[in-house]
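Residue numbers (the numbering used here): 40 to 224.
Shown next, in the form of C-alpha cells:
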C-alpha cells in the first residue's frame, strides 16, 4: 500500500521501482490492482427514479423478461453500465477472473523478485562458485526469468480475454439499448 500512497503523491513509477527494488512493471500492476480493487468494492449509493407511461413500463417489463432480468432495478443498472461501457452481466465470473489475474500477477512478481535476488547474489559472489550450496547458474536465472515472464504473460492473456468478452457483451448491450429504444416508439 506504500507504493499506492506514494504514487498518489506524484512519485514516478521508475522512482518507486528503484526505491522498493521491484520492476516498473510490478509497480504498474500494483497500481492497476488497487484501482480494480476500489472499483470492485464500489457500493451503489445513488437512487434513480423516472416517470414513464403505462405502455413504456409494459414494454420495459417485456424486454427485461425476454432478457431474463428479474427486476427493473437490475435492468436499469445494466443500461446505465452499458452507457458507460461496463456492461458485465456475469459480475461473479468477472470478479473471479480479476482475482485470478491478480493472483497470477503476485506470483509472477514474486518469481521476478527471486530472479533479481539470485542475480544480486551472483554479483556478490554468493551464487555459483561463491562457496554456498545454492548454485545460481545463468541457466537457472534464465529459467526463473522465463517462469516470471510466462506467469505475467498468462495474467495479461486473462486480462485480454476479459476485455474481449466485455467488448462482445458491450455489443450485446448496444443491441439491447436499441431494442429498448424501439420498444418505446
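Don't be surprised by glycine CBs; every beta carbon is placed ideally from N, CA and C.
Treat the numbers as computed from the prediction; the structure is a model and nothing was measured.
Quick check on the burial criterion: 16 or more other C-beta atoms within 10 angstroms. Buried or exposed for residue 35? Shown here, the chain extends from 40 to 224; a query on residue 35 therefore has no answer.
Q) Taking the alpha-carbon positions, what's the residue 197 to residue 147 distance? A) 14 Å
- Item | Range covered by the alpha helix (DSSP H) that runs through residue 106 | 93 to 106
Next on the checklist: Taking its Cβ as the centre, do 16 or more other Cβ atoms sit within 10 Å of residue 150, making it buried, or is it exposed?
Outcome noted: buried
- Query: Going by the beta-carbon positions, is the gap between residue 43 and residue 73 smaller than 8 Å?
  - Reply: yes
Original post:
Would you call the CB atoms of residue 187 and residue 214 closer than 8 Å?
Top reply: no
**Report entry** Distance between beta carbons of residue 180 and residue 158, contact taken as under 8 Å
**Finding:** 6 Å
Practice task
Indicate whether residue 144 and residue 201 have their beta-carbon atoms separated by less than 8 Å.
Solution key: no
query: Between the beta-carbon of residue 56 and the beta-carbon of residue 65, is there less than 8 Å?
result: yes
Once DSSP output is grouped into helix, strand and coil, what is the label at residue 147?
helix
Can you tell me the Cα-Cα spacing of residue 156 and residue 163, whole angstroms?
10 Å
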